[in-house]
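See structure below.
In UniProt numbering, the protein residues as written are 1 to 180.
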């Protein structure tokens with residue numbers, strides 16, 4: 001390994017480490033595929049699990065940026081890479097590297113929190129809509145059942161009344177037969 005690659009390796013290793021620590025966020029949400037190209041791309045490369053001893057910063061820069069054109073320079077990590085890793089020959093200090101790691105994880109946590117909040121809100125709206133539909137269906141079914149029972153009772157009452165009239169008529173005819 002060449003001596004002048006040390007600081008650059010520190011920078012890229014820090015980024016890989018930050019991405020690795022945030023892996024559980026990335027794997028559980030496609031949201032980051034749209035917003036942050038670094039973890040998605042790095043995860044696809046072998047350097048995610050095992051960063052090589054001699055990291056070529058241009059190769060890593062390309063590897064990181066190639067799957068999501070235009071996204072690379074927009075986030076905090078993209079700015080850190082674009083301004084430091086690609087243009088600096090000395091590379092960042094360990095404190096700068098740590099700060100960038102914290103910024104990356106902070107940004108990803110913020111994005112995840114917003115995504116979770118949105119998911120909770122949409123789930124809550126869906127559950128409320130389903131409950132409202134279920135309540136309306138229950139009320140409708142109950143009203144139909146009550147109406148059906150009422151109509152059935154009315155029909156039975158009318159039939160009973162008609163049957164009673166017919167019995168009364170038969171009794172009257174039995175006691176007073178019509179004249180011949």
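A virtual CB, placed ideally from N, CA and C, is assigned to each residue, including glycine.
Within 10 Å of its beta-carbon, does residue 108 have 16 or more other beta-carbons around it, so buried, or fewer, so exposed?
Burial call: buried.
Using three-state DSSP, classify residue 176 as helix, strand or coil.
-> Under the three-state reduction of DSSP output, residue 176 falls in the coil class, being neither helix nor strand.
_Coarse secondary structure for residue 35, derived from DSSP in three states_ = Bear in mind that the predicted position of residue 35 carries a pLDDT of just 40, short of 50, making it too unreliable to give a figure here.
Short of 6 angstroms in beta carbon distance, which residues of its chain neighbour residue 143, apart from the five on each side in sequence? Order them along the chain. Here the set comprises nothing.
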